[in-house]
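Here the structure is laid out as structure tokens; the discussion comes afterwards.
Protein chains: 2
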Amino acid sequence: MAERLIVIGGDAAGMSAASQARRRRGRNDLEIVAFERGHFTSYSACGIPYWIGGLVPERDQLIARAPQTFRDEYDIDVRLQHEVTAIDLGRREVVARDLAGGGEVRAGFDTLVYAVGATPRLPDWARSGVAGVFGVQTLDDGAALRDWLEAEPRPRRAVVVGGGYIGVEMAEALVQRGLDVTLVERGEQPMSTVDDDMAVLVAAAMRGVGIEIRTGVEVTGLTEQDGRVSAVVTDDGPLPADVVVLGLGVRPNTALAEAAGLPLGPSGGVQVDRRMRVLGVPGVWAAGDCVETLHRVSGLPVHVPLGTHANKQGRVAGINIGGGYATFPGVIGTAVTKVCELEVGRTGLRERDAHAAGFEFVSVVIESTNRAGYYPGARPMTVKLIAERPSGRLLGAQIVGWSEAAKRIDALAVALWNGMTVDDMTALDLGYAPPYAPVWDPVLVAARTAVDALAAHSR
Amino acid sequence: MAERLIVIGGDAAGMSAASQARRRRGRNDLEIVAFERGHFTSYSACGIPYWIGGLVPERDQLIARAPQTFRDEYDIDVRLQHEVTAIDLGRREVVARDLAGGGEVRAGFDTLVYAVGATPRLPDWARSGVAGVFGVQTLDDGAALRDWLEAEPRPRRAVVVGGGYIGVEMAEALVQRGLDVTLVERGEQPMSTVDDDMAVLVAAAMRGVGIEIRTGVEVTGLTEQDGRVSAVVTDDGPLPADVVVLGLGVRPNTALAEAAGLPLGPSGGVQVDRRMRVLGVPGVWAAGDCVETLHRVSGLPVHVPLGTHANKQGRVAGINIGGGYATFPGVIGTAVTKVCELEVGRTGLRERDAHAAGFEFVSVVIESTNRAGYYPGARPMTVKLIAERPSGRLLGAQIVGWSEAAKRIDALAVALWNGMTVDDMTALDLGYAPPYAPVWDPVLVAARTAVDALAAHSR
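Heads up: the sequence lines are chains A and B, in that order. UniProt numbering numbers the first residue of the first sequence as 1 and each following residue consecutively. UniProt numbering numbers the first residue of the second sequence as 1 and each following residue consecutively.
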């Protein structure tokens, strides 16, 4: 009889694991069953803001592979609208509720992949059940929000709570749909994925497209009218709202894991080794937004929910389950975001992260351009580097620019990945041509400036 | 009495060296004299095609720092139109001809920087003195070409000889000016800076803007009418031409160096150590397009004339002359070019270079997109990787794409610089967001494909 692999969660991590396992093991060797609570498999959650905003016209464009594809081409028994409610490690079985048909399914496994993603952080005031309040974590969430925006009475005023990248992207999407948008952020700046001195550039671009930004403001409740949200209540007064979008970040979805006794780390995610095996639980694997991973710069465990990691981790788990060998060696916190006209990239540690991790460092910010200054279309680009002192090792980098800026972070990410010092980096052979860079690439200018800052510190 | 530094050549390398030396040593400690044959200092030769094509309207936009700036702000005695005709190492003096005023100058030096750049390769047929034939190595060359294009009778038909990146950029510039342009290339494809399988994409884009490409064709001579060029004669028949632009590459300008007995390496350039000291000649430094440098991947000496290297090398020489410490650790052959709508990037070794250097390798080519497939404006991007076998070490990479493609080569350049294997690269934490990349970045897809190719080879 074939072994059975059960996958809990049918998005990027789970379905990558399932399909990689299938590539290496045929159906007579391995039966694969995937339970997914929602209506979709393998979709781009990161694309939801663009669908809401209208840049991506059709929901199905966000779906990388439909359930039927997995059934037909990968021989994976995908069960949609099946919510796993318990994992019994002793009996090696899971219990799932059929949300559509009703009833309960029990299924035994030899191997289990836990890939249930993350859940939006919900403050108490958001749990009231008032209509018109939305997270945007899943495609089902996005569909509900879109329906609300298109139904009568048409929402006119939106409040986005939280200025992380999801909040910022959603604020822009809602402006694109013609709503009046206010973004409420508890901290000093929205776009807290970069340091405040860089985030201030982003805030200016957001205001430029008409987003009202309220910083240093805490949301304390909601008011409603006829069961629909009518305002967000803050410590600075009420903000009228016909729709509220939550961008307060997410936490690993570990309710099931915790109940089953899987180990959770300090970041709150499931603990795994670099082959994505759950620590100390033979035959059980985990991947994606529910796991904890190593930050290679700080050396600390972190929770970094991001589609690209989920895909890689799922693939690694699947290769290993299939009998191959693959590892996920951790992350360095690279992220890119488009905010209105602006491009934002970051990698490694922000100043606050570097402090928290105990590093001493210098940080420098330089202004340059994306192209040679004389070449048409040259736009400003700001580069920030954070380097350990006295070693000079790069700890983090941030880029904000108006064009062709975001993906420049990749060169810095690879430098960081390899433990380069800013001194080494001044010699890097980066691409130069007037349409693409000044003769001194902004990255090199930043590295030189960091070297000078280190020297000034050592005097 | 102050020591005297003489700099021969007033472009990027020479003036970087001079100004860095000045920053560290005052005028009472170091007198600095720079001889420049032409009319300009520190200009962007790489920008000449865009000035010719009209994208950059004014010549002076290409000048980073004018001679008067060096005189006023750096206390450097810049002598334009002074051609150094001899270096006497025994007497430690140079002889310069005053091209404007006439006469000869002799000047002693304690320290010498040789930074005379490169000269275009001129086949015999181009030496005839027929009017209307131009190289585009210096701003003076560019000015002469532009004058020719604007004088009566207006040239209508252009032939560009040589399909390296200068030839390709010039062909596009001449099309932008409204000329009928034919590019003649001896090899199988223009854009030989990348392998033929990538260059074919570039050739298609060039044809798309109306450039006629004649490959496998050798130029053998010129015909003239009233002293003006009238056609280029090839082994495949004549090509009518009112103007001919040479893009046959350049060689290090070493006539003076050779006469003075400076050591030349196998690539033809002046041999220097990593502090940019001429090997075995105390007090003499060299930098820029006239020197030979280490290719860090092949381990072989190469001649790579490029403004970004010239600036770095000049800076290194100047810091060392100034009493500091800096090194130039070599190049890895990174280059980016805009060709019509297309963006081209390369780093490391092409297949032919890898063969020549004695490597065994696999090469893979993958197709992806610059953005998530569903995001508006997603365009194709082709990535090629060359990896040593069996080690998997990256040897080279090439990217051709329609948008936001060229500078992606930097991430690969940094990976190559650090000696990464393609297996290591599959785990790289690169920036992901739908406007900037598919969830599997093209670089990661290429690395995975290369891993598979290596595995297939080892079976």
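Just so it is clear, CB atoms sit at the ideal spot from N, CA and C, and this is done for glycine as well. Quick caveat, the model's predicted, so the values are computed rather than measured.
DSSP bridge partner residues for residue i (one or two, in chain order)
| i | result |
| --- | --- |
| B/Phe-70 | Paired residue(s): none; B/Phe-70 is not in a bridge. |
| A/Val-316 | Looking at the DSSP assignment, A/Val-316 forms no beta bridge with any residue, so it has no partner. |
| A/Met-381 | A/Ser-368 and A/Gly-401 |
| B/Arg-277 | B/Trp-285 |
| B/Gly-392 | Answer is none; B/Gly-392 lacks a bridge partner. |
| B/Ile-213 | B/Leu-183 |
| A/Leu-246 | A/Val-161 |
| residue 470 of chain B | The requested residue 470 of chain B is not part of the displayed model; chain B covers only 1 to 459. |
| B/Gly-221 | B/Val-233 |
| B/Val-272 | B/Val-278 |
| A/Pro-120 | A/Val-250 |
| residue 464 of chain A | The structure shown does not extend to residue 464 of chain A, since chain A is modelled only from 1 through 459, so no value can be given for it. |
Same chain, Cβ closer than 7 angstroms to residue i, five either side skipped, listed in chain order
| i | result |
| --- | --- |
| A/Trp-125 | Val-219, Thr-220, Gly-221 and Leu-222 |
| B/Pro-380 | Glu-367, Thr-369, Gly-401 and Trp-402 |
| B/Pro-438 | Ser-368, Thr-369, Ala-372 and Gly-373 |
| B/Arg-350 | Val-194, Asp-195 and Gly-396 |
CB contact below 8 angstroms: residue i versus chain B
| i | result |
| --- | --- |
| A/Thr-337 | yes |
| A/Cys-46 | yes |
| A/Asn-253 | no |
| A/Phe-328 | yes |
| A/Arg-408 | yes |
| A/Gln-61 | yes |
| A/Ala-13 | no |
| A/Gly-396 | no |
| residue 475 of chain A | Past the edges of chain A, shown from 1 to 459, lies residue 475 of chain A, and the structure says nothing about it. |
| A/Thr-334 | yes |
| A/Val-56 | yes |
| A/Pro-380 | no |
| A/Ala-427 | yes |
| A/Pro-301 | no |
| A/Trp-148 | no |
| A/Val-439 | yes |
Residue i - DSSP class collapsed to helix/strand/coil
| i | result |
| --- | --- |
| B/Ala-255 | helix |
| B/Arg-25 | coil |
| B/Pro-238 | strand |
| B/Tyr-50 | helix |
| B/Ser-192 | coil |
| A/Ser-128 | coil |
| B/Glu-185 | strand |
| A/Arg-408 | helix |
| A/His-457 | helix |
| A/Leu-145 | helix |
Exposure label - residue i; buried when at least 16 CB within 10 Å
| i | result |
| --- | --- |
| B/Glu-104 | exposed |
| B/Tyr-436 | buried |
| A/Ser-16 | buried |
| B/Arg-207 | exposed |
| A/Asp-429 | buried |
| B/Met-425 | buried |
| B/Met-191 | buried |
| B/Ser-458 | exposed |
| B/Pro-120 | buried |
| residue 460 of chain A | Since the displayed chain A opens at 1 and closes at 459, residue 460 of chain A lies outside it and no answer follows. |
Own chain, CB closer than 8 angstroms to residue i, minus 5 neighbours either side, in chain order
| i | result |
| --- | --- |
| A/Ala-326 | Arg-275, Arg-315, Val-316, Ile-319 and Asn-320 |
Beta carbon proximity, residue i to chain A, threshold 8 angstroms
| i | result |
| --- | --- |
| B/Glu-404 | yes |
| B/Asn-28 | no |
| B/Thr-308 | yes |
| B/Leu-447 | The residue you asked about is not Leu; residue 447 of chain B is Ala in the sequence shown. Answer no: the Cβ-Cβ gap between B/Ala-447 and chain A never drops below 8 angstroms. |
| B/Val-250 | no |
| B/Ala-158 | no |
| B/Gly-345 | yes |
| B/Asn-311 | yes |
| B/Pro-434 | yes |
| B/Asn-320 | no |
| B/Val-383 | no |
Same chain, Cβ closer than 6 angstroms to residue i, neighbours up to 5 away in sequence not counted
| i | result |
| --- | --- |
| B/Pro-305 | Ala-118, Val-250 and Asp-289 |
is_contact[residue i, chain D] using C-beta, thresh 8 angstroms
| i | result |
| --- | --- |
| B/Val-270 | Judged by its chain identifiers, the structure shown contains no chain D, and its protein chains are A and B. |
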